[in-house]
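Numbering (the UniProt record's numbering), first residue to last: 1 to 368. For every residue, glycine included, the Cβ atom is placed at its ideal position computed from N, Cα and C.
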Amino acid sequence: MPFLLNAWYVAAFAHEVRADAPLARTLLDRPVVLYRDAAQRAIALDDRCPHRFAPLSKGRIVEGVLECPYHGLRFDATGQCVHNPHGDGRVPAGAKARAYPSVERDGAIWFWPGDPQQADASLLPSFDFVDPGKNLTHTGYLLTRAHYQLSADNLLDLSHFQFLHPDTLGSEAIARGNMQSGSVEDTVWVRRTTHDEVLPPFVATGFGVPPGARVDRWMDVRWTPPGLMSIVIGVTGAGMPREAGLISPSAHWLTPETERTTHYFFAFGLPKEMGDAGRELVRYAVEGLMQPFEHEDLPMLEAQQKSLGDSDFWAAQPALLPIDAGAIRARRVMERRIAEERTAAGTADTPSTLRGVRVTVADPLGAG
Numbered sequence: 001m002p003f004l005l006n007a008w009y010v011a012a013f014a015h016e017v018r019a020d021a022p023l024a025r026t027l028l029d030r031p032v033v034l035y036r037d038a039a040q041r042a043i044a045l046d047d048r049c050p051h052r053f054a055p056l057s058k059g060r061i062v063e064g065v066l067e068c069p070y071h072g073l074r075f076d077a078t079g080q081c082v083h084n085p086h087g088d089g090r091v092p093a094g095a096k097a098r099a100y101p102s103v104e105r106d107g108a109i110w111f112w113p114g115d116p117q118q119a120d121a122s123l124l125p126s127f128d129f130v131d132p133g134k135n136l137t138h139t140g141y142l143l144t145r146a147h148y149q150l151s152a153d154n155l156l157d158l159s160h161f162q163f164l165h166p167d168t169l170g171s172e173a174i175a176r177g178n179m180q181s182g183s184v185e186d187t188v189w190v191r192r193t194t195h196d197e198v199l200p201p202f203v204a205t206g207f208g209v210p211p212g213a214r215v216d217r218w219m220d221v222r223w224t225p226p227g228l229m230s231i232v233i234g235v236t237g238a239g240m241p242r243e244a245g246l247i248s249p250s251a252h253w254l255t256p257e258t259e260r261t262t263h264y265f266f267a268f269g270l271p272k273e274m275g276d277a278g279r280e281l282v283r284y285a286v287e288g289l290m291q292p293f294e295h296e297d298l299p300m301l302e303a304q305q306k307s308l309g310d311s312d313f314w315a316a317q318p319a320l321l322p323i324d325a326g327a328i329r330a331r332r333v334m335e336r337r338i339a340e341e342r343t344a345a346g347t348a349d350t351p352s353t354l355r356g357v358r359v360t361v362a363d364p365l366g367a368g
């Protein structure tokens with residue numbers, strides 16, 4: 001599946017992008033360099049000098065502009081060469097690196113790889129609960145060796161907690177819980193609720209639940225293209241209304257590195273009014289989840305990718321279950337958005353879902 005270009009992706013956490021050293025990162029199969037200019041704005045350029053194609057990320061930042069490490073040409077925030085130290089100093093007409101629209105928001109640097117004229121910051125969904133200026137936050141990052149849609153599938157179906165994470169996140173109550181899913185325009189949501197559950201120790205400790213206490217737990221997931229997700233997990237005493245419980249909101253941002261690898265950025269946030277207790281809870285959540293994410297989710301996603309190889313997801317004829325409803329909705333949104341974008345650009349081909357591929361077992365979403 002080609003990438004959706006006219007969309008906002010997370011390029012880095014804000015604290016990763018500095019004014020004293022450039023950051024190299026591959027995003028959607030393209031090398032990008034990130035740095036801050038003299039006004040502390042985050043800048044994203046192609047990581048290739050237009051002179052002899054040296055990686056600009058190996059250079060240095062001089063008075064807010066990026067200097068090539070090979071011959072000293074310097075490039076400003078627009079990617080234009082503004083300094084040639086050789087000869088009479090004239091700048092060749094083609095001495096310009098591509099600059100990408102970028103926005104700093106909610107603790108992240110977002111970049112737009114498509115048509116700059118379509119870049120609109122108002123299209124970004126809100127993740128203000130992980131804005132470090134307003135909340136206590138903690139962040140985590142993993143590189144997943146699998147297609148980013150497989151990672152989205154994983155997060156849109158938390159039923160795997162019971163089987164993949166039995167000692168940290170899951171319990172036998174999950175499979176018998178209630179699950180609903182739907183969509184509003186291009187936003188997909190999945191809500192899963194368990195009743196009369198005994199939480200695993202890691203989750204119970206995070207929510208301050210005594211060992212063995214019976215609770216109801218809900219897990220609400222929201223997905224917007226291309227891979228921007230929020231997960232709100234809440235816990236309350238068994239039979240009590242949601243309003244009586246505690247919640248833990250988190251952001252999960254998936255940015256393709258390549259067609260088979262994914263940058264997985266995640267963050268937790270709690271109100272600053274919680275003080276040291278809140279600061280400890282977000283740290284506990286990120287550092288605790290790093291273990292199951294890294295040692296259980298990542299190996300499974302990588303094994304899935306290895307099994308699929310270069311095969312199209314639908315060509316592999318997945319046998320679908322009702323628990324897949326949210327993930328399939330998200331895939332359909334992405335396929336439609338990419339097809340629309342390619343049609344507008346005059347590069348459309350036939351989507352895989354229209355190539356006569358038959359999906360085994362009943363599609364839980366019907367034909368729509």
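- Distances from the alpha-carbon of Leu-228 to those of Pro-50, Arg-332 and Gln-149 put Gln-149 closest.
- Val-91 carries a coil assignment under DSSP once its states are collapsed to helix, strand and coil.
- The C-alpha of Trp-189 is placed about 6 Å away from the C-alpha of Ser-183.
- In the three-state reduction of the DSSP assignment, Tyr-70 falls in the coil class, being assigned neither a helical nor a strand state.
- With 16 or more other CB atoms across the displayed protein chains lying within 10 angstroms of its CB, Phe-75 is buried.
- Counted as a single uninterrupted DSSP element, the stretch harbouring Gly-114 is not any beta strand (DSSP E), since DSSP gives it neither H nor E.
- The beta-carbon separation of Arg-52 and Ile-43, rounded to 21 Å, does not stay under the 8 Å limit for a contact.
- With fewer than three CB-CB distances shorter than 8 Å, the segment 110 to 119 does not count as touching the segment 262 to 274.
- Annotation: the continuous beta strand (DSSP E) that includes Gly-234 extends over 228 to 237.
- As summarised for the segment 186 to 232, the continuous beta strand (DSSP E) elements at least 3 residues long and confined to that stretch are 187 to 198 and 214 to 224, given in chain order.
- Within the same chain, and ignoring the five residues on either side of Ile-323 in sequence, the residues whose Cβ sits closer than 6 Å to its Cβ are Asp-157 and Ser-159.
- For the options Phe-127, Leu-143 and Arg-145, the alpha carbon positioned closest to that of Thr-137 is the one of Phe-127.
- A distance below 8 Å between beta-carbons, with the five flanking residues on each side excluded, links Ala-14 to the following residues of its chain, in chain order: Ala-42, Glu-104, Gly-107, Ala-108, Ile-109 and Pro-132.
- In this chain, the alpha helix (DSSP H) harbouring Gln-291 covers 275 to 292.
- Within the same chain, Cβ atoms closer than 8 Å to the Cβ of Leu-27 are found at Tyr-9, Ala-11, Phe-111, Pro-113, Thr-255, Pro-256, Glu-257 and His-263, the five residues on either side in sequence being excluded.
- In the DSSP assignment, Gln-40 is bridged to no other residue.
- A distance below 8 Å separates the beta carbons of Gln-305 and Arg-145.
- Beyond the five residues adjoining it in sequence on each side, Thr-187 comes within less than 6 Å, by CB distance, of Thr-224 in the same chain, given in chain order.
- Assigned with DSSP and collapsed to three states, Gln-317 falls in coil, not helix or strand.
- Judged by DSSP secondary structure, Met-300 falls within the alpha helix (DSSP H) whose first and last residues are 298 to 308.
- Going by DSSP, Ile-61 is part of the beta strand (DSSP E) stretching over 60 to 62.
- Of the candidates Ala-38, Gln-40 and Cys-81, the residue whose Cα lies closest to the Cα of Leu-56 is Cys-81.
- Under the three-state reduction of DSSP, His-160 is assigned to helix.
- When C-alpha distances from Gly-89 are compared across His-71, Ala-77, Pro-101 and Thr-78, the shortest belongs to His-71.
- One thing to note: Ala-325 has its Cβ within 8 Å of the Cβ of Ser-181.
- Contact between the segment 168 to 180 and the segment 334 to 343 is absent: fewer than 3 CB-CB pairs across the two stretches fall below 8 Å.
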